[in-house]
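These notes concern the structure reproduced below.
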Amino acid sequence: MAARSESVALTDARGGVGVGPGWPCGWGRPGTTEAAVQELSVVGVRVELPGNQPIVLLKEASGDRYLPIWIGAVEATAIAFEQQGVKPARPLTHDLLRDVLTALGSPLQLVEITELKDTVFYAELVIGDGVRVSARPSDAIALALRVGATIQCSEQVLDAVGIVIPDEQEDEVERFREFLDQVSPEDFAG
-15 MAARSESVAL
-5 TDARGGVGVG
5 PGWPCGWGRP
15 GTTEAAVQEL
25 SVVGVRVELP
35 GNQPIVLLKE
45 ASGDRYLPIW
55 IGAVEATAIA
65 FEQQGVKPAR
75 PLTHDLLRDV
85 LTALGSPLQL
95 VEITELKDTV
105 FYAELVIGDG
115 VRVSARPSDA
125 IALALRVGAT
135 IQCSEQVLDA
145 VGIVIPDEQE
155 DEVERFREFL
165 DQVSPEDFAG
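Quick note: my numbering has the sequence shown finishing at residue 174, numbered continuously throughout.
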């Protein structure tokens, strides 16, 4: 399932409110042609209520914007497994892909969330000597966590849908982190 946003009111990086699929997408910065990117870290995964839709939350490494991406239950489980150090008896799809890339001598260098079109996020795996392969962000993030690869996001995407959590909501973010410490990957099973 492609990552998409549900109807949730969040404050975007410009201080405006974004509502689900209708979020504004102000692509590009006037007078520039470079593709600026920001490094992100994975805060964690959880189930967004009331729709029971899993979400992965990423945070800008050198800033205070967050990037929420709604994902599928299987991908949420794969990300949660890796974050919690759960090693299944048999490799999951993302473990298999990691092992194949390693066996072929083309390790994953980085993941880049490249764009948002019609509420669908797009990403690319950068492998070997810079070969780019299109991927769903959820799969790319799950793979990046397994190999310790950097996760980057286009500045355009962060400008369009990155959110800033007001100071009074920092306690909620801390509770979210505590929730992640307690959650079981089985909680994401459909």
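Cβ atoms here follow ideal geometry from the backbone N, Cα and C, with glycine treated the same way.
Next on the checklist: On a Cα-Cα basis, can you pick out the residue from 109, 42, 86 that is closest to residue 141?
Outcome noted: 42
Checklist entry - On the three-pair Cβ rule with 8 Å, is the region 63 to 75 touching the region 86 to 98? => result no
Next on the checklist: Can you give me the C-alpha to C-alpha distance between residue 134 and residue 94, rounded to a whole angstrom?
Outcome noted: 5 Å
Item to check | Beta-carbon proximity list for residue 38, same chain, < 8 Å, skipping 5 on both sides | outcome: 29, 30, 31, 32, 54, 55, 56, 57, 59, 60, 172
Checklist entry - What number of angstroms, rounded off, separates the C-alpha of residue 97 from the C-alpha of residue 73? => result 30 Å
Checklist entry - Are the beta-carbon atoms belonging to residue 126 and residue 107 less than 7 Å from one another? => result no
Checklist entry - Run through DSSP, which three-state label would residue 119 get? => result strand
Checklist entry - Between the C-alpha atoms of residue 46 and residue 34, what's the straight-line distance to the nearest angstrom? => result 32 Å
Checklist entry - How should residue 146 be labelled, buried or exposed, when 16 other C-beta atoms within 10 angstroms of its C-beta is the threshold for buried? => result buried
Checklist entry - Whole alpha helix (DSSP H) runs in the region 48 to 73 with 4 or more residues, listed along the chain? => result 57 to 68
Next on the checklist: Given this structure, state the Cα-to-Cα distance separating residue 68 from residue 129, to the nearest angstrom.
Outcome noted: 11 Å
Checklist entry - Would you report the Cα separation of residue 139 and residue 84, rounded to the nearest angstrom? => result 31 Å
Checklist entry - Between which two residues does the beta strand (DSSP E) carrying residue 175 extend? => result The question about residue 175 has no answer here: the residues shown for the chain are numbered -15 through 174.
Checklist entry - Taking C-alpha atoms, which residue in 144, 136, 80, 75 lies nearest to residue 103? => result 144
Checklist entry - Looking only at its own chain, which residues have a Cβ that is under 8 Å from the Cβ of residue 25, when we skip the five neighbours before and after it? => result 42, 43, 45, 135
Next on the checklist: Can you tell me whether residue 111 sits near the ligand MN, meaning its C-beta is under 6 Å from at least one heavy atom of the ligand?
Outcome noted: The ligand MN is not among the ligands present in this structure, which contains no ligands whatsoever.
Checklist entry - So what does DSSP say about residue 33, is it helix, strand or coil? => result coil
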